[in-house]
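**Q** Residue numbers (full-length UniProt numbering): 1 to 146.
1) Could you have a look at residue 46 and say whether DSSP puts it in helix, strand or coil?
2) Rounded to the nearest angstrom, how far is the Cβ of residue 19 from that of residue 80, given a contact under 8 Å?
3) Let's see if you can read the secondary structure: which residues bound the alpha helix (DSSP H) around residue 74?
4) Within 10 angstroms of the Cβ of residue 88, are there 16 or more other Cβ atoms? Answer buried if so, exposed if not.
5) For the alpha helix (DSSP H) containing residue 117, name the first residue and the last one.
6) If contact is defined by three or more beta carbon pairs under 8 Å, each pair taking one atom from either stretch, is the segment 8 to 16 in contact with the segment 85 to 99?
7) Quick one: what does DSSP say residue 66 is sitting in, helix, strand or coil?
8) In whole angstroms, give me the CA-to-CA distance for residue 100 and residue 114.
9) By the three-class DSSP mapping on this structure, what secondary structure does residue 19 have?
10) How big is the Cα-Cα spacing for residue 57 and residue 66?
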């Protein structure tokens, strides 16, 4: 069975688009370093390694909760930048990404009109069914209409 035309690619997941979590972590670590520098006398550029229990090392060897120095920001944000680039590339490959907002709004108007017409047909069919039931004299099984 061919995939649905509007199905998302398997490589595009919500995790591929979620950058706020990672960015928040990086900014929190940088903010911690800046706040600590006020009492220590400045950011030295060294990123302390996580040595406590439960410290999970990241690819660069620092604890994810350890303060982040300014010199380490580019290295820490590289993965985030690449993640955004991959997501942008995958988003461009989705169907209808080249359509303008006006085109989409016009399609929505057409679909809403189609839904309105379908509801009118259903209402007429229901009314015809009720009328038919009354003309039959009310004998036999009847389906409730309300």
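Cβ atoms here follow ideal geometry from the backbone N, Cα and C, with glycine treated the same way.
**A** On the basis of the data shown:
1) Reliability of the predicted coordinates at residue 46 is poor, the pLDDT of 46 falling under 50, and no value is obtained from them.
2) 6 Å
3) 73 to 92
4) exposed
5) 101 to 135
6) yes
7) coil
8) 21 Å
9) coil
10) Confidence in residue 57 is poor, its pLDDT being 41 and thus under 50, which makes the residue's placement unreliable; the coordinate value appears in the next sentence. Rounded to whole angstroms, residue 57 to residue 66 spans 10 Å at the Cα level.
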